[in-house]
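Asks:
Chains as they are written, first to last, in this note's numbering: chain A, 5 to 333; chain B, 29 to 386.
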């Protein structure tokens with residue numbers, strides 16, 4: 005765009021480019037919250053603190069990256085938390101009970117996640133019902149399998165000195181491995197979402213399923229790939245969790261499906277489908293983690309924290325929406 | 029409320045006041061100053077038992093002028109409790125006492141905190157494989173033994189039949205130790221009684237009663253039904269009253285519904301774990317050592333179990349009712365026990381291997 009003198013203004017162009025990025029609103033809210041909490045707790049913006057809530061965000065945020073693809077094509081998978089928990093416990097059981105190498109067991113855990121995602125897709129296609137309906141059932145079924153596999157109790161005795169736990173539970177440069185994985189997956193999946201044919205098909209299906217079908221997009225196949233991708237992400241997050249804690253708990257992941265969906269929506273992915281942002285979902289997960297960590301710094305008791313978390317999420321979404329509206333004018 | 033109940037409550041309040049007066053030694057401000065220190069407690073869910081765990085820690089911190097923080101999820105959630113613990117580390121806590129459940133899950137979070145200069149102890153559930161310094165709890169096996177003695181006394185030495193047991197968290201070592209203690213003592217005292225179980229009766233309060241009902245339906249005619257967790261006695265009281273059964277019931281854990289059952293003669297006994305003392309002893313030990321600059325002893329401090337029967341239920345009920353007004357009365361009640369431990373703190377610390385000895 006040119007100035008009144010006929011020459012373009014590079015600074016203005018850069019500013020417009022920055023504020024044209026769809027995630028700028030959520031990023032602004034996130035930075036604002038970190039700054040606010042830092043007034044009360046100066047350590048909050050330290051590397052240790054960022055690693056703390058970064059890890060917390062990553063456990064469910066990795067799942068949230070896959071939710072972006074689901075929501076974009078108009079689907080919701082409610083079984084992600086159950087898949088996450090089942091992959092952890094399956095991997096732990098095969099190590100402890102059968103002596104399987106933890107690296108092999110972790111690969112098995114991810115394969116289990118992929119398989120469960122595929123199962124959801126097969127059933128949704130075969131019975132011609134939305135994924136949300138099928139996963140209303142599989143969230144209980146997979147949770148039940150977790151209790152069966154684990155015997156209803158915690159799984160102890162994992163070889164925490166094994167290289168798997170040392171490497172995947174390490175903290176390179178003081179940053180937990182799960183954060184590195186979260187960042188890498190965000191970049192890779194963002195490229196896939198925005199710059200590949202598969203990503204285009206996902207968004208097309210969500211925008212107008214009928215038009216997408218008529219144009220030859222294989223909806224069932226895209227659904228299968230998406231749910232398998234989400235299952236894989238559940239497995240990856242599960243294996244990173246297992247590597248960090250070296251113990252399996254059949255209750256791990258409770259509530260993660262809602263957190264993952266919330267992260268994606270807060271980040272700017274439309275619940276109605278058709279558009280989304282992987283980077284936004286990552287920022288949304290960080291925002292949720294910052295809120296839950298930040299309210300502790302303010303001394304808010306546990307009984308109030310759940311209510312306060314909900315209010316802050318609503319406020320964050322409202323502020324982000326206001327920034328988007330201002331940008332679109 | 030009936031006249032009888034009013035009189036018994038007054039008697040109990042009087043007994044509690046007498047015990048408190050006897051235990052108190054005047055003002056409880058500590059000789060050491062921890063005004064520059066922050067002590068925090070982290071529990072695994074919010075309930076009457078965990079409230080007293082935290083309250084004990086709070087009393088220890090505030091007595092020496094320190095700053096107290098508390099955290100923990102509203103409902104049982106391991107990952108959320110770890111997150112709360114890490115938040116306390118970031119909030120600058122100098123000493124943290126935490127319920128390390130499950131034990132192995134907490135090794136890394138605790139070790140990271142200790143390596144960052146935070147002193148960590150555990151209460152209720154231990155983590156001996158971690159770098160946590162102290163653990164405070166009654167010996168688990170002793171709780172089962174104590175309960176077995178009460179049951180055996182009630183049934184009589186010549187009793188014959190079955191006792192049904194229920195466990196809220198199968199496989200958890202600290203609860204299994206209670207079961208072992210109970211079974212061993214019953215076999216010694218009542219050789220003609222067979223103990224069946226322990227059946228899984230669930231931890232969640234809403235599921236616990238249904239589970240006990242199922243266990244009862246499948247095992248009717250027993251001499252006694254015994255639980256090992258806090259939510260069991262209220263369920264057993266409800267079970268006995270709804271079935272009109274003539275059997276003994278008892279459990280580990282003190283809570284208002286259970287105490288009411290003992291008071292009305294429905295329940296035989298409850299074995300308490302002195303959660304207030306657990307929190308107080310762990311936190312005070314840490315703050316004293318930080319203030320003095322000495323190394324923390326490592327091991328376990330036995331705060332001892334507490335038996336509640338019809339003989340002392342009124343006093344215990346009166347004590348429990350003071351919780352809503354703060355910790356002062358509770359602190360005074362346990363003063364003699366607390367000072368006995370701190371008269372020789374190093375001598376009070378036992379090896380971790382003794383904690384779960386079966």
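Just so it is clear, CB atoms sit at the ideal spot from N, CA and C, and this is done for glycine as well.
Report the neighbours of residue 203 of chain B on chain A: residues whose CB is nearer than 8 Å to its CB, in chain order.
Replies: Per Cβ cutoff of 8 Å: no residues; residue 203 of chain B is ~11 Å from chain A at best.
Asks: Do three or more CB pairs link the segment 116-135 of chain B to the segment 345-362 of chain B at distances below 8 Å?
Replies: With the cut-off at 8 Å, the segment 116-135 of chain B and the segment 345-362 of chain B do not touch.
Asks: Hey, which unbroken runs of the beta strand (DSSP E) at 3 residues or more fall wholly within the segment 277-319 of chain B?
Replies: For the segment 277-319 of chain B, whole beta strand (DSSP E) runs of length 3 or above, ordered along the chain, are 297-300.
Asks: Just to confirm my understanding: we take residue 49 of chain B, look at its own chain, exclude 5 residues before and 5 after, and list those with CB closer than 7 Å. What are they?
Replies: In this prediction, residue 49 of chain B scores a pLDDT of 49, lower than 50, which makes its location untrustworthy; no coordinate-derived value is stated.
Asks: Using a Cβ-Cβ cut-off of 7 Å, state whether residue 297 of chain A counts as contacting chain B.
Replies: Yes, because at least one Cβ of chain B sits closer than 7 Å to the Cβ of residue 297 of chain A.
Asks: Taking buried to mean at least 16 other C-beta atoms within 10 Å of its own C-beta, is residue 302 of chain A buried or exposed?
Replies: Residue 302 of chain A comes out exposed.
Asks: Tell me the DSSP secondary structure of residue 175 of chain A in three-state form.
Replies: Correct three-state label for residue 175 of chain A: coil.
Asks: Compile a chain-ordered list of the residues in the segment 231-264 of chain A whose CB is closer than 7 Å to at least one CB of chain B.
Replies: Cβ contacts with chain B: 248, 249, 250, 251, 253, 255, 256 and 258.
Asks: Is DSSP giving residue 82 of chain B helix, strand or coil here?
Replies: DSSP places residue 82 of chain B in helix when its eight states are reduced to three.
Asks: Could you tell me which of A:241, A:29 and A:27 sits nearest to residue 95 of chain A, measuring between CA atoms?
Replies: Measuring from the Cα of residue 95 of chain A, the nearest candidate turns out to be A:241.
Asks: Mind pulling the chain B residues with CB within less than 8 Å of residue 52 of chain A?
Replies: Correct list: 118 and 144.
Asks: Determine which residues of the segment 185-199 of chain B have a Cβ less than 8 Å from any Cβ of chain A, and write them out in chain order.
Replies: Within the segment 185-199 of chain B, the residues whose Cβ lies closer than 8 Å to some Cβ of chain A are 197, 198 and 199, listed in chain order.
Asks: Does residue 113 of chain B have its Cβ less than 7 Å from a Cβ in chain A?
Replies: With 7 Å as the cut-off, residue 113 of chain B does not count as an interface residue toward chain A.
Asks: Counting contacts by CB-CB distance shorter than 7 Å, is residue 89 of chain A in contact with chain B?
Replies: Answer no: the Cβ-Cβ gap between residue 89 of chain A and chain B never drops below 7 Å.
Asks: Using a Cβ-Cβ distance cut-off of 7 Å, determine whether residue 383 of chain B contacts chain A.
Replies: Residue 383 of chain B does not count as touching chain A.
Asks: Would a check of beta-carbon distances place residue 157 of chain A closer than 7 Å to chain B?
Replies: Output row for residue 157 of chain A: interface = yes.
Asks: Could you name the residues of the same chain whose beta carbon sits closer than 6 Å to that of residue 262 of chain B, not counting the 5 residues immediately before and after it, in chain order?
Replies: Cβ within range, chain order: 285 and 286.
Asks: What residues match up with residue 68 of chain B in a beta bridge as DSSP calls it?
Replies: BP columns for residue 68 of chain B point to B:97 and B:124.
Asks: How many angstroms separate the CA atom of residue 212 of chain B from the CA atom of residue 86 of chain B?
Replies: Each residue's Cα considered, the two are about 37 Å apart.
Asks: Counting pairs of beta carbons, one from the segment 86-98 of chain B and one from the segment 152-161 of chain B, are three or more of them closer than 8 Å?
Replies: The segment 86-98 of chain B is not in contact with the segment 152-161 of chain B.
Asks: For residue 99 of chain B and chain A, any beta-carbon pair shorter than 7 Å?
Replies: Yes, residue 99 of chain B lies at the interface with chain A (some Cβ there is under 7 Å from its Cβ).
Asks: Check the Cβ-Cβ distances between residue 181 of chain B and every residue of chain A, and say whether any is below 7 Å.
Replies: For residue 181 of chain B, the answer is no, since every Cβ of chain A falls outside 7 Å of its Cβ.
Asks: Residues in the same chain with beta-carbon distance under 6 Å from residue 89 of chain A, minus the five sequence neighbours each way, listed in chain order, please.
Replies: For residue 89 of chain A, where only same-chain residues beyond five positions count, the Cβ hits under 6 Å are 150, 256 and 257.
Asks: Enumerate in chain order the residues of its own chain whose CB-to-CB distance from residue 244 of chain A is below 7 Å, with the five nearest sequence positions on each side excluded.
Replies: Within the same chain, residue 244 of chain A has close Cβ partners 172, 181, 182 and 185.
Asks: Going straight from the alpha carbon of residue 128 of chain B to that of residue 363 of chain B, what length do you get?
Replies: Approximately 26 Å, taken between the alpha carbons.
Asks: Which class does residue 199 of chain A belong to by DSSP, given the choice of helix, strand or coil?
Replies: Note: residue 199 of chain A maps to helix in three-state DSSP.
Asks: Do the CB positions of residue 76 of chain A and residue 220 of chain A come within less than 7 Å of each other?
Replies: No, they are not a contact pair.
Asks: Checking 7 Å against the spacing of the C-beta atoms, do residue 216 of chain A and residue 68 of chain A come in under that value?
Replies: Against a cut-off of 7 Å, the Cβ pair of residue 68 of chain A and residue 216 of chain A comes out as no contact.
Asks: Could you tell me how far apart the beta carbons of residue 78 of chain B and residue 178 of chain B are, in whole angstroms, since I believe they sit closer than 8 Å?
Replies: No, residue 78 of chain B and residue 178 of chain B are not in contact; Cβ-Cβ is about 25 Å, not under 8 Å.
Asks: What's the C-alpha gap between residue 326 of chain B and residue 232 of chain A?
Replies: Roughly 48 Å between the two C-alpha positions.
Asks: Please determine, among A:109, A:57, A:15 and A:64, the residue with the shortest C-alpha to C-alpha distance to residue 285 of chain A.
Replies: Among A:109, A:57, A:15 and A:64, the Cα nearest to that of residue 285 of chain A belongs to A:64.
Asks: Measure the Cβ-Cβ separation of residue 93 of chain B and residue 63 of chain B and say whether it is below 7 Å.
Replies: Going by C-beta atoms, residue 93 of chain B is nearer than 7 Å to residue 63 of chain B.
Asks: Given a cut-off of 7 Å, decide if residue 135 of chain A and residue 128 of chain A are closer than it, judged by their beta-carbon atoms.
Replies: For residue 128 of chain A and residue 135 of chain A, yes; Cβs fall inside 7 Å.
Asks: Is the Cβ-Cβ distance between residue 166 of chain B and residue 374 of chain B less than 7 Å?
Replies: Taking 7 Å as the Cβ cut-off, residue 166 of chain B and residue 374 of chain B do not qualify as a contacting pair.
Asks: Give a yes or no on whether the minimum CB-CB distance between residue 260 of chain B and chain A is below 7 Å.
Replies: Taking Cβ atoms only, chain A never reaches closer than 7 Å to residue 260 of chain B, which makes this a no.
Asks: Considering residue 63 of chain A, what are the terminal residues of the alpha helix (DSSP H) in which it resides?
Replies: From DSSP, the alpha helix (DSSP H) with residue 63 of chain A extends over 51-76.
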